[in-house]
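Asks: I have a structure I would like to understand better, so I am pasting it below and will then ask my questions one at a time.
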Amino acid sequence: MAPLTWSGSASSDYYDDDPEFLRALGEIEIPEAHVELQHSKPEPPTNEGPSTEATNTRKRARTPEDDDGHQQFQPGMTSIDTGDPESSYLASYTYGASRFGEFSEYMARKRAKLQIQNSELNHGNDQTQKSTIFSGLQIYINGWTEPSVQDLRQLIIRHGGVYHAYLDKKGLVTHIITCSLTPAKIREFKHMKVVQPEWLVESAAAGLLLPWHNYVFRPCERLEASQGKQVAQKSLFDGFVSQSESQHQDKHPSPSVASFNVGSGQPTAPTAGPSRLVTEPRASATPPQSPRKPTPVTPSKPLHTSDPSTPEQAARVPGYAAHTSNPIAQRAMADPAWRAAHTSVAPDFIEGYYRNSRLHHLSTWKAELKNMVLEAQERAEDGGAAVLARLAESDESVVAKIIQENLDGTGFKSAGEGDVSMRGARLEMQHSPKFKGKGKERVVEDNQERVIMHCDFDSFFVSAGLIDRPHLRGKPVVVCHSQGAQGGQSSTSEIASASYEARKFGIKSGMSLQQARKLCPTVLTMPYEFQRYKQLSLQFYTILMAHADDLQAVSVDEALIDVTSSVMRIKSEIAQSQDSSSSPTDPAKDFAEAIRAQVKKVTGCEVSIGIARNIMLARLASRKAKPAGSFHLLPSDISGFLAPLDIDDLHGFGYSARQKAQEKLAATNLGELAQKSKAQLCDALGKGTGETLYKAIRGIDERKLESDKPRKSVSCDVNYGIRFESNEQVETFLYQLAEETARRLDAIDMRGRSLTLKVLKRHPDAPVEAPKFMGHGLCETFTKQGTLIAPGGRATSDPKLIGELSWRLLKSFNFDPGELRGIGVQIQKLEKTSSASTTETGQAILPFKAVESPKRGAGLAATDLDNSHTLGPSPNRPRIVVEPPSQENEETVEGPVKNSVAGAELDLPSFSQVDKSVFEALPEDVRKELENEYKRRSVTPGLGDAIERSRSASLQPLPRPTRKNHRLLVKGTNLKRITQQLAPRNRPSTSVNKGNLFVRGKSAGISSVNVSERELGKLGIDPEVFVQLPADLQREALAQARSAKAPGATVYSQRQVLKPKPKKKQVGLYRAPPPKAKYTDPPSLKQQGKTKGTKLYFTEKEDVQRVIEQWVEGFREYPPNQGDVDFFAKFLVQCVDNGRSSDAGVERAVAVAKWWLILLRRYFGFWEDAQDPDSQVDQEGAATSEAVGRAWWKAFREVKAKMDEVARKRFGGCLSLR
DNA sequence: ATCCTCCCCTAC
DNA sequence: TAAGGTAGGGGAGGAT
Ligand SMILES: Nc1ccn([C@H]2C[C@H](O)[C@@H](COP(=O)(O)OP(=O)(O)OP(=O)(O)O)O2)c(=O)n1
Ligand SMILES: [Mg+2]
């Protein structure tokens, strides 16, 4: 019976009988024994004096009484609060100058004595009035602004920028600052950098020129924000999406805000509750001795939740299942009005929920940071030379500025190739100037030992909250939603972060407030301040980016950086300047301390840094470094350092791994595990994990920092507050969730082809109301997957389609609405919406190139593309049996069922059943043909499903799958994978967790077919679509596909017009498909291709020309795909814009454009001067030659315009193709 | 041997 | 009152 149960790890967390919790509680008894355990952590304390000292001091200072007192004063603190921001604001002027400048200064001092901190301080003061962070900026302020124009002007000038009262000299103005724009202005400034005033204010406050991109002014967003509508998903790093919550930004600017702020701070005040507490356990005022330090075995991780993951396991936890409902929740739920307003049936439940969910924020921030890092790196790559410059000499400009300004720089020729990636450049640099020389030499990675740093804020949320509550420093404080005494001791509110003082009592993140109160009755609480966390994080990352060769975003408060080159530089400089003498210093550690000081100065919060030769060790080192310190784990100490640790101390190894190790190896200690053979470890934990552990124990971890992995899925989950009474409510909720999901997809410009619905259902043995207020409690989980398809078989982000499919899948479970406790929608098989739109990233990968590659062979071309094979029907075709689709398909999971390819004939699937993904994957022309074919045959099978019907309807058009494959992709390897990915699978796979839950019966999506989905996938046929085709069509499609494929071609996709094209009849089959230059992009491919070093570039003009020729020729009868046009445009623009160090790129771009022009004149010369068609092709579908010609010219003009835009910026004029 | 797919697990 | 989200690594086991 127990299908898949989901454990709620949680449930037990909220009980007092949680084993771990009890243990901690037990240790608390010791009332007065004041220990000075500054390090309650398992590992031996470390740290250097300063931090330790501070810690101790604080500890001692506090007592419950103090807490109360302070709280009482809070109101009074108002003024202080207000002042605080102000002072820091002013401070920015003070030392705001260039932090990087300071760094260079640092270098100098280093040579002399390595007294960074002092130098920074002094230096900072010196420059007080000379901040130059805005130097180079020429700013125009439009309209009314929040900090007034006068204030902004002063700010600009004070920091070295230039203020323009008029916009008459657009050419000079680098940025426009505004809070609002009229439509006309929006148009006028379309091509300029329009930023919000926060950019300047926050940069000044940070003492750094923050990336303006994060403050781009966006009309609509502004609007939303002002309306308070606010999307649930906060696009944090977007700069301002400030919310107007209570916490809101405690911005420095307006006093009113400050006061408001105070209010927010106030919540803490109520905590005055302590007074009452005071009486109670003063005892608790003193932390227990180091919490469970002396455990016989090792302590085991800080996870206070050792939750069972299955009901069975959960059952072992005393009091978990048999429990009765949370009385408070039960009472609340008894009131219909309350339910309507506070549970999942409330109108804006999702939005409000996400806005307050810390975990949601953490996830969102992480994704945004990764993205920002990626973009920054790409930008930097473009300006590789700049990087070199920076490294070469410590410049004094701000990072961002450097990057931008240096683009022009040239000096660095060598980089010569222009295409050299930033990374490579850097490497070269660091090793020493000698290598600078060129390219190839850069060793790919020499054996140089890396210097990795793991940087992490100390109790981040708490530290951030203390900025405005200095009086709470040194006390046991936690951040959680429940504020004040109200929640009292029964609050199930989760603690997000605990101060180090609170940790001494055993309080940890994830614990409920009531548990924490039992451990420490005087614990104080602070509210969340999401906006602030985001800002601090931005400052933190900005600093790290300036010093790192590479950076991996781990979390808002955490990042891994590779500082190998910087450390090397420091070493060499030291060596040069002062020979042998200096000795004992550790450049890496000094560097880390410099970074810590910088972050502290800018953010006011402590960051700890762990340094080691690899990621794993750096993480361990940072733990030892905390709080407020740095620790360099030297090679010689690794062994001794690791031995006493436990397996779950290693990142990536948690409760489960520990259990397995204990059960199968009878040991969890690394020292003991070190005795085990690799085989033993693999046997216990699995191959890969076993090997990872084996190496980890020996201090080995060769992983590189990752910062460019493409996103693979986007999902929305709500497993809190889910309480429905009817199916209508569930449906409504699900559609809202689908909308949220769609928004997230759109936000990153992606669409998907696959959807997985996840459902949490109350476990039969669990109480109706979970222990955690409105929580999900112990549940069973179910997932079901379905193919998401838009009309043309394309990937989609349409909320309706997502909602429809989700609802369909959910209905298929037939669950009682009242039993649902969680719902999640995940979209997979993602692709970028427009290939070229946004980012400019990597582009130079031409998809085109692949086409040629066959010849050139290079490994890259794995694809073989095209060969246009004709597709003949192939001899043996398997048959696909189609069953009527039912909506849900749940049927049994007969997963494998259907496909046996044996047969010889097949029925064509109905359109809706053909896997859209596959379908999409087909070359556009092929797809069109297929559509036509379907249309012609008017197939639409009758699947009863309305959805399907609609789907097929939309799909309509094309018939036959002919394929040609042209693929292009870059990285062969991926091709295959992608192809498969595209392939469909259809049926929703339900993962059932135990079977009975499913209702079976309905027909499933595909029913049985004799062709396997996999094959369909390989053939580029979407199973879903396929299934719905009439048998004869299926047969035909398969035959064609197979024959086409025979040559081993891969099919690619393209998206395109859905309209049927009139072209010649549907014809028989495919006409030779035009060679397309397309590139479809399964984004993943593209991105991956870009992985370091693998980019493909058009290195030779000829290559490009050949590709273009094929493209134009192949599409002589069709208008070009917008995606191809965009891609091409992107490529050309990049050529023009890139490689600032030489004109090679421009020349190439011009040559290519000329060639294109020639080709167009050759084929469509007649329409060169025709006006835009607009009416595109068809209506009737017929793409007249005229329409085609116009479309091509339109594309040309579009691309030329983009090139000129860039050229104008760079050279001041348009490009001449004469 | 390689691939998927469908989970579980982990982290913040 | 509270806001238990999410993306990606990897294993098990089936298909190819
Ligand atoms: N279960 C958790 C774990 C973390 N966080 C949030 C709050 C933390 O402040 C932030 C960073 O997590 P860390 O693990 O880095 O913990 P802290 O920064 O609080 O403490 P430290 O890094 O000093 O151990 O993430 C959370 O909300 N819930
Ligand atoms: Mg932290």
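Just so we're aligned: the first sequence equals residues 270 to 1487 in this note's numbering.
Beta carbons: idealized from backbone N, C-alpha and C, even for Gly.
Only a predicted model underlies this, so the values are computations on that prediction, with no experimental measurement involved.
1) Please enumerate, following chain order, all residues with a beta carbon closer than 7 angstroms to at least one heavy atom belonging to ligand 2.
2) Please name the residue in 1436, 998, 1022 whose C-alpha comes closest to that of residue 617.
3) Does DSSP classify residue 792 as helix, strand or coil?
4) Helix, strand or coil for residue 808, going by three-state DSSP, please let me know.
5) Can you list the beta strand (DSSP E) stretches of 3 or more residues lying completely in the segment 918-985, in chain order?
6) To the nearest angstrom, report how far apart residue 929 and residue 943 are at their CA atoms.
7) Cβ of residue 895 versus every heavy atom of ligand 1: is any distance shorter than 7 angstroms?
8) Give the DSSP-derived three-state secondary structure of residue 1053 in the structure shown.
9) For residue 765, which three-state DSSP category applies?
10) Which term fits residue 1075, buried or exposed, when burial requires 16 or more other beta carbons within 10 angstroms of its beta carbon?
11) Who pairs with residue 822 in a beta bridge, going by DSSP?
12) Is the beta carbon of residue 429 within less than 7 angstroms of some heavy atom of ligand 1?
13) At a cut-off of 7 angstroms, would you count residue 771 as near ligand 1, judging by its Cβ distance to the nearest heavy atom?
14) Kindly indicate which three-state DSSP category residue 838 falls into: helix, strand or coil?
15) Where does residue 418 sit, in a helix, a strand or coil, going by DSSP?
16) Is residue 636 near ligand 1, judged by its Cβ being under 7 angstroms from some heavy atom?
17) Just checking, does the segment 991-1005 make contact with the segment 598-616 on the three C-beta pairs under 8 angstroms criterion?
18) Which residue comes first and which comes last in the alpha helix (DSSP H) that contains residue 646?
19) Do residue 751 and residue 811 have their beta-carbon atoms positioned less than 8 angstroms apart in this structure?
20) Which word fits residue 959, buried or exposed, when buried means at least 16 other C-beta atoms lie within 10 angstroms of its C-beta?
21) Run through DSSP, which three-state label would residue 1019 get?
22) Compute the beta-carbon to beta-carbon distance between residue 956 and residue 1021, rounded to the nearest angstrom, for a pair I have assumed lies under 8 angstroms.
23) Sort out for me which residues DSSP pairs residue 721 with in a bridge.
24) Starting from the Cα of residue 428, find the closest Cα among 437, 463, 475, 460 and give me that residue.
25) Look at the Cβ atom of residue 1090, then the Cβ atom of residue 1031, and state whether they are nearer than 8 angstroms.
26) With a threshold of 6 angstroms on Cβ separation, who are the neighbours of residue 919 within its own chain once the five nearest residues in sequence on each side are excluded?
27) Looking at the structure shown, is residue 1091 part of a helix, part of a strand, or coil, going by DSSP?
28) Have a look at 837, 872, 844 and flag the residue whose alpha-carbon is nearest the alpha-carbon of residue 858.
29) Say the cut is 7 angstroms; is the CB of residue 760 nearer than that to a heavy atom of ligand 1?
30) With a threshold of 16 other CB atoms inside 10 Å of the CB of residue 954, please say whether the residue is buried or exposed.
31) Rounding to the nearest angstrom, what Cα-Cα distance links residue 435 and residue 481 in this structure?
32) Would you call residue 721 buried or exposed, if buried means 16 or more other Cβ atoms sit within 10 Å of its Cβ?
33) Closest by CA to residue 1005, which one among 1068, 403, 867?
34) Have a look at residue 1038 and residue 633 and give me their C-alpha separation to the nearest angstrom.
35) Under the criterion of a Cβ to heavy atom distance below 7 angstroms, does residue 786 qualify as lining ligand 4?
Replies: Taking the coordinates as given:
1) 725, 726, 727, 728, 729, 826, 827
2) On the first sequence, position 348 is the one that residue 617 refers to. The shortest C-alpha separation from residue 617 is found at 998.
3) What you label residue 792 is simply residue 523 of the first sequence in a count that begins at 1. Looking at residue 792 - three-state DSSP - the assignment turns out to be coil, as it is neither helix nor strand.
4) Translated into positions along the first sequence, residue 808 becomes position 539. Of the three classes helix, strand and coil, the one that applies to residue 808 here is helix, per DSSP.
5) none
6) The residue given as residue 929 occupies position 660 in the first sequence. The residue given as residue 943 occupies position 674 in the first sequence. Computed Cα separation, rounded: 16 angstroms.
7) Counting from one through the first sequence, the residue named residue 895 turns up at place 626. Yes - ligand 1 has a heavy atom lying nearer than 7 angstroms to the Cβ of residue 895.
8) Within the first sequence, residue 1053 is the residue found at index 784, counting from 1. Reduced to three states, the DSSP call for residue 1053 is strand.
9) If you number the first sequence from 1, residue 765 lands on position 496. In this structure, residue 765 counts as strand in the three-state DSSP scheme.
10) Residue 1075 sits at position 806 when you count from the first residue of the first sequence. Looking at its Cβ environment, which holds 16 or more other Cβ atoms inside 10 Å, residue 1075 is buried.
11) To locate residue 822, count along the first sequence from 1; it is residue 553. Looking at the DSSP assignment, residue 822 forms a beta bridge with 828.
12) Walking along the first sequence from the start, residue 429 turns up at place 160. Not so, every heavy atom of ligand 1 lies at least 7 angstroms from the Cβ.
13) As a first step, residue 771 is located in the first sequence; it is residue number 502 there, counting from the start. Incorrect: residue 771 has no Cβ contact closer than 7 angstroms to ligand 1.
14) Counting from one through the first sequence, the residue named residue 838 turns up at place 569. Residue 838 falls in the helix class under three-state DSSP.
15) Here residue 418 is taken as the residue at index 149 of the first sequence, counted from 1. Residue 418 falls in the helix class under three-state DSSP.
16) For the purposes of this step, residue 636 is taken as the residue at position 367 of the first sequence. No.
17) yes
18) To locate residue 646, count along the first sequence from 1; it is residue 377. 627-651 is the span of the alpha helix (DSSP H), which, as asked, contains residue 646.
19) As a working note, residue 811 is residue 542 in the first sequence. As a working note, residue 751 is residue 482 in the first sequence. No, the Cβ-Cβ distance between residue 811 and residue 751 is not below 8 angstroms.
20) Taking the first residue of the first sequence as 1, we reach residue 959 at position 690. When all chains shown are included, residue 959 counts as buried.
21) Reading the first sequence from its first residue, position 750 is the one you call residue 1019. It is a strand residue.
22) Sequence index remark: in the first sequence, residue 956 carries index 687 (1-based). Sequence index remark: in the first sequence, residue 1021 carries index 752 (1-based). At roughly 31 angstroms, the Cβ-Cβ gap does not stay under 8 angstroms, so residue 956 and residue 1021 are not in contact.
23) Along the first sequence, read from residue 1 onward, the residue named residue 721 stands at position 452. Partner(s): 831, 881.
24) Translated into positions along the first sequence, residue 428 becomes position 159. When each option's Cα is compared against that of residue 428, the closest is 475.
25) Residue mapping note: residue 1090 aligns to position 821 of the first sequence, counting from 1. Residue mapping note: residue 1031 aligns to position 762 of the first sequence, counting from 1. For residue 1090 and residue 1031, yes; Cβs fall inside 8 angstroms.
26) Numbered from 1 along the first sequence, position 650 holds the residue referred to as residue 919. Answer for residue 919: 965, listed in chain order.
27) By 1-based counting over the first sequence, the position of residue 1091 is 822. Residue state, collapsed to three classes: strand.
28) Sequence index remark: in the first sequence, residue 858 carries index 589 (1-based). Per the Cα distances, 837.
29) Within the first sequence, residue 760 is the residue found at index 491, counting from 1. Residue 760: no, Cβ never under 7 angstroms from ligand 1.
30) Against the first sequence, residue 954 aligns to sequence position 685. Classification of residue 954: buried, given that the 10 Å Cβ count is 16 or more.
31) For the purposes of this step, residue 435 is taken as the residue at position 166 of the first sequence. For the purposes of this step, residue 481 is taken as the residue at position 212 of the first sequence. Rounded to whole angstroms, residue 435 to residue 481 spans 21 angstroms at the Cα level.
32) In the first sequence, counting from the first residue as 1, residue 721 sits at position 452. Burial call: buried.
33) Looking up residue 1005 in the first sequence gives position 736. Answer by Cα proximity: 1068.
34) Position 769 of the first sequence, counted from the first residue, corresponds to residue 1038. Position 364 of the first sequence, counted from the first residue, corresponds to residue 633. Near 29 angstroms, if we compare the C-alpha coordinates of residue 633 and residue 1038.
35) No copy of ligand 4 appears in this structure; the ligands present are ligand 1 and ligand 2.
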